[in-house]
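Asks:
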Amino acid sequence: MSETILELKDVTKVYPGVVALNSVSIHVRRGEVHALVGENGAGKSTLIKTVSGAIEPTDGTIIVDGKEFRSMTPSLSKENGIGVIYQELNLVEELSVVDNIFLGEYILNGIVLDRGKMQKKARDLFEKLNIKIDPNALICDLSVGYKQMVVIAKAVSQNTKILIMDEPSAALTTSESEAMFQLIATLKKSGVTIVYISHRLEELFQIADRATVLRDGNYIDTVDIDKTNKAELVKLMIGRDLDETYPERSEPQTEEVILDIRHLCGNGLRDVSLQVKKGEVLGLGGLIGSGRTELAEILFGAAKKDSGQIIFKGQESHVKCPTDAIDQKIALIPEDRKLHGALLHLPIDENITMPILKRISRFSVINRGLEKQTVDKYISALRIKTPSVTQLVKNLSGGNQQKVVLAKWLSTDPDLIIFDEPTRGIDVGAKHEIYQIINDLVAEGKTLIMISSEMPELIGMADRIVVLSEGRVTGELKREEFDQEKILKFASTIDDSENNDVAENKERLQ
Amino acid sequence: MNYKDSSIGGFLKKYAILLVLIALIIFFCVRAPGFTTLGNLFNIARQVSTMGIAAVGCMFVLLIGGIDLSIGSLVAFINIVCAVFLARLKLNIPTAVIICLLLAVGIGALIGVLVTKLHIPPFIATLAFMSILSGVALTICKGLPISGFPTAFKILGQGYVGIVPVPVIIMIVVFAIGAFILNKTIYGRYFYAIGGNEEAARLSGIKVQRIKIAIYALSSLFAAIAAILLLSRLNSGSPQTGDGFEFNVITACVVGGVSISGGSGRISGVIIGVLIMGVLSAGLIMINVNEFIQMIIKGIILCIAVGVDYAQKNSKKRKILTNQTA
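Going line by line, the protein sequences match chains G and A.
When you number the first sequence by the working numbering, it's gap-free, plus one each residue, and the end is 510.
When you number the second sequence by the working numbering, it's gap-free, plus one each residue, and the end is 326.
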């Protein structure tokens, strides 16, 4: 048995216009907990997808326990003892714990299920892993933390030698995470190798042996955890000059508050208060699920608030649905362009005028001339590259799709524009154009709220940054205070008030 | 409306159903002498007129990704109610017709409310109404036909303007209204948007629930017009009038290229789909294929039409996926 259980050799993955992985080589040692860190878009997910067989690398070799592969398939990866736990837990909510663990791998007695045997195996497994869950409980009755454990147990039951975990702690509370760390320790003792991806750097120092840092698809370094610290890891993760790639913009002039949010609760928010000044770009930082998108949804009327006040342009705003928001001149450019932003099956022109059809029609009959004027104006203003306005949006590149979504919202002539991940999944050139458009909008006097998980983008584009964590505002930074480490620290501020819930859950299950 | 599908595949598909229609007509010309006489063609047009009228409403429902199984029972229900109004309550014709149409709009809106507010899947909500409306119709007439209408009522279903039957004219008007709504008004845009991606449509400021309720109301309204024309043509109200009607209407839409999963379809396609169903019914009778065999043939056609729709969707999806990951 060699020391290395999993080796990636010069693995490259090229998407059109983007090199997601650039000749990355990694050695994972047998029985270690190997962390994989990097910013969003660094290539972590792509890397594990090549190992799990979800995608085929363009070039390179994957060596599992001495066996060389050019590429993997999901079944090949499973056969070779690789198990992957994704953020979305793939469990059947209506079935019991036992049924989920043996789903697809049922133990049969003749042609009927051998429930007794499956239950016994599940109990043995739980005992070995020191998990205290009733195997007959339904998945939908379990908390996220316990569901996570069921998923891990399921992977272990399938003779997994290498367990890859993609941000397993993202949705867990502190005590749930602690329980998971113990489980990881148990697994490690029993000889399972773990590849662990996380944005919460603190926890790596608790569980990992080594960490590999990726940046922009490149391998940067592999470090021993006990010989490094958080600051060094962050430096390795970011490692580039930030300011150069962002176009210059003059400071906002006014002190006039256009949006005043007071004690907002609901949709995952817990007492959020913040102010936005007219003509500024307010950056919202935080991890996925921290409440940034949830706040945007409430402001835009896509979700309901439970309590709190929103004062917009000096008046209390009662936005109940997106239609109200459009009338009040609020626009939301959503995070998921393909799912929420664009109507992919419709042509460019119909996408752009969708929110303003009422304004360009008379007795509900669309004024085609007026429509064409509007569409032409934005196509040239935003330089949307297309042979024809009747081109279906799904046939456009990511950057051009995003510009169509932008055009659609600019056509409503908004005063407040909320950008949720404005440059996700688009190439560098188009990103730069979007930044320029953002600056032009500010110059026109528009107010912007920009949500971004890309730290450099947030720092490069915002006038002020408010950081959220677990539905609360955990920090606010002025331009001169911008600092990635500070933002990361605020973003991973964890609130422990939920521990009681977990304890209750434990009692109920035992 | 030149955008719904501008690819070569879409072009072929569009003309494929037209070619099927032409092939069917040629086939019946050869096999059934007298098929192409003017009289017979008008006869076919009159036969399909009720199906065509209801198909426009059905198409709207399919466009937004819904389905309306209650069309046939609504026809039976309105048929009986209108018959009662005319024969028993002796209401005058316009009053009876208008009350019937309003009643239908109310029922359709109620279905729409169940679908949007209570989140009952359209399949179930309309299946329930299929049973409810049939039951109410049968209860009112106790299973027996109702007749004895004023003679003027005949004009709607049996009259002619020149040589063109009145129901055919009404069908043409309904098709024109449908095309106008879909191609010229903001509502047409909303229908396609909702059918393609309901959440994105909502986030574009479209009041999705209202539109959906209105569409189910429209579907019932068009079905009610068909019901009144059928009542006039047969000159007798019968709870069996709507039997199999929803099947023919939905099949006509799907054969005409309206996607069962919503978001795409054209009025021109629906017109051809309706004509294909009409030509098949009339032609098969003329070459002595009985009604039972016809049911088998139409069922097979529905499967083929939906299969073709999904096959095309999947190949498109695969193309998009490979484009993205290649």
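Beta carbons: idealized from backbone N, C-alpha and C, even for Gly.
On a predicted model such as this, the values are computed, not experimentally measured, just so you know.
Assuming contact is defined by CB atoms lying nearer than 8 Å, are Gly157 of chain A and Leu230 of chain A in contact in what I supplied?
Replies: The answer is yes: Cβ separation under 8 Å.
Asks: According to DSSP, Asp347 of chain G sits in a beta bridge with which residue or residues?
Replies: Here the sequence assigns Pro to residue 347 of chain G, which means Asp is not the residue at that position. G:Leu392.
Asks: The alpha helix (DSSP H) that contains Asn100 of chain G, what's its start and end?
Replies: Segment Val97 to Ile101, the alpha helix (DSSP H) holding Asn100 of chain G.
Asks: Considering only residues of the same chain and omitting the five flanking positions on each side of Tyr216 of chain A, which have a CB-CB separation below 6 Å?
Replies: Once the five neighbours on either side are set aside, the close Cβ partners of Tyr216 of chain A are Gly108, Ile111 and Gly112.
Asks: Can you grab the Cα-Cα spacing for the pair Val84 of chain G / Leu36 of chain G, in whole Å?
Replies: Taking the straight line joining both Cα atoms gives about 14 Å.
Asks: Could you tell me the boundaries of the beta strand (DSSP E) in which Phe69 of chain G lies?
Replies: Taken as a continuous stretch (DSSP letters only), the beta strand (DSSP E) holding Phe69 of chain G covers Lys67 to Phe69.
Asks: In the DSSP output, which residue or residues are listed as bridge partners for Val195 of chain G?
Replies: DSSP output for Val195 of chain G lists G:His34 and G:Ile164 as bridge partner(s).
Asks: Please determine if the stretch 231-238 of chain A and the stretch 157-171 of chain A are in contact, where contact requires at least 3 C-beta pairs separated by less than 8 Å.
Replies: The answer is yes - the stretch 157-171 of chain A touches the stretch 231-238 of chain A, with three or more Cβ pairs under 8 Å.
Asks: Check the Cβ-Cβ distances between Ile417 of chain G and every residue of chain A, and say whether any is below 8 Å.
Replies: No, its Cβ sits nowhere closer than 8 Å to a Cβ of chain A.
Asks: Taking the alpha carbon of Val75 of chain A as the point to measure from, which residue in A:Leu63, A:Ile297, A:Ile271 and A:Ala55 has its own alpha carbon closest?
Replies: Among A:Leu63, A:Ile297, A:Ile271 and A:Ala55, the Cα nearest to that of Val75 of chain A belongs to A:Ala55.
Asks: Just the C-alpha distance for Pro247 of chain G and Ile426 of chain G, rounded to the nearest angstrom, thanks.
Replies: Rounded to the nearest angstrom, the two C-alpha atoms are 18 Å apart.
Asks: Just list the residues that DSSP pairs Glu7 of chain G with in beta bridges.
Replies: Beta-bridge pairing links Glu7 of chain G to G:His27 and G:Ile63.
Asks: Quick one: which unbroken beta strand (DSSP E) runs of 3-plus residues sit fully inside the stretch 64-111 of chain A? Chain order, please.
Replies: None, since the stretch 64-111 of chain A contains no complete beta strand (DSSP E) of that length.
Asks: May I ask you to list the residues that DSSP assigns as paired with Asn109 of chain G?
Replies: The partner list for Asn109 of chain G (beta bridge, DSSP) reads G:Val112.
Asks: At what residues does the alpha helix (DSSP H) containing Ser219 of chain A begin and finish?
Replies: Val208 to Leu234 is the extent of the alpha helix (DSSP H) around Ser219 of chain A.
Asks: Helix, strand or coil for Tyr15 of chain G per DSSP?
Replies: Correct three-state label for Tyr15 of chain G: strand.
Asks: With 8 Å set as the bound, which would you pick, yes or no: does the beta-carbon of Glu246 of chain A sit closer than that to a beta-carbon of chain G?
Replies: Cβ-Cβ to chain G under 8 Å: no for Glu246 of chain A.
Asks: Considering only C-alpha positions, which residue in the set A:Ile186, A:Leu62 and A:Ile272 is nearest to Ala16 of chain A?
Replies: Closest by alpha carbon: A:Ile272.
Asks: Starting from Ala342 of chain G, find everything on chain A with Cβ-Cβ shorter than 8 Å and list it in chain order.
Replies: The contacting residues are Ala200.
Asks: Check whether the Cβ atoms of Leu264 of chain G and Gly308 of chain G lie closer than 8 Å to each other.
Replies: It is a contact, given that the beta carbons lie within the stated cut-off.
Asks: Could you tell me how far apart the beta carbons of Ile184 of chain G and Val33 of chain G are, in whole angstroms, since I believe they sit closer than 8 Å?
Replies: With 8 Å as the limit, Ile184 of chain G and Val33 of chain G qualify as a contact, their Cβ atoms being about 6 Å apart.
Asks: Please report the distance separating the alpha-carbon of Ala231 of chain G from that of Val192 of chain G.
Replies: Their Cα atoms are separated by approximately 29 Å.
Asks: Residues of the stretch 301-330 of chain G with a CB closer than 8 Å to any CB of chain A: list them in chain order, please.
Replies: Taking 8 Å as the Cβ-Cβ cut-off against chain A, the residues of the stretch 301-330 of chain G that qualify are Ala302, Cys321, Pro322, Thr323, Ala325 and Ile326.
Asks: Going by other Cβ atoms of all chains shown within 10 Å of its Cβ, with 16 needed for buried, is Ser261 of chain A buried or exposed?
Replies: Exposed, since its Cβ has fewer than 16 Cβ neighbours within 10 Å.
Asks: Which of helix, strand or coil does DSSP assign to Thr212 of chain G?
Replies: Reduced to three states, the DSSP call for Thr212 of chain G is strand.
Asks: Under 8 Å between the Cβ atoms of Leu566 of chain G and Ile437 of chain G?
Replies: The first residue shown for chain G is 1 and the last is 510, placing residue 566 of chain G beyond what the model contains.
Asks: Would you list the one or two residues that DSSP bridges to Asp224 of chain G?
Replies: Paired residue(s): G:Arg210.
Asks: Scan the stretch 364-381 of chain G for residues whose Cβ lies nearer than 8 Å to a Cβ of chain A and list them as they occur along the chain.
Replies: Result list: Ser364, Val365 and Ile366.
Asks: Thinking Pro322 of chain G and Gly205 of chain A are a contact (beta carbons under 8 Å), I'd like their distance in whole angstroms, please.
Replies: Going by Cβ atoms, the distance from Pro322 of chain G to Gly205 of chain A rounds to 5 Å, so yes, they are a contact pair.
Asks: Please list, in chain order, the chain A residues whose beta carbon lies closer than 8 Å to that of Leu339 of chain G.
Replies: Ordered by position in chain A, the residues that pass the 8 Å Cβ test against Leu339 of chain G are Asn197, Glu199 and Ala200.
Asks: Can you tell me the Cβ-Cβ gap for Gly471 of chain G and Gly283 of chain G, rounded? I've got them flagged as a contact below 8 Å.
Replies: Not confirmed; about 18 Å, so no contact.
Asks: Can you pull the chain G neighbours of Thr185 of chain A, defined as C-beta to C-beta under 8 Å?
Replies: Those within 8 Å of Thr185 of chain A in chain G are Ser361, Ser364, Val365 and Ile366.
Asks: From the DSSP output, in three-state form, read off Ala16 of chain A for me.
Replies: Residue state, collapsed to three classes: helix.
Asks: Who does Asp420 of chain G pair with in a DSSP beta bridge?
Replies: DSSP lists G:Ile451 as partners of Asp420 of chain G.
Asks: Would you mind giving the Cβ-Cβ distance between Leu129 of chain G and Val156 of chain G, rounded to the nearest angstrom? I have them listed as a contact below 8 Å.
Replies: That pair is a contact at about 7 Å.
Asks: What's the gap between the Cα of Leu91 of chain A and the Cα of Ile78 of chain A?
Replies: So the alpha carbons of these two residues sit roughly 15 Å apart.
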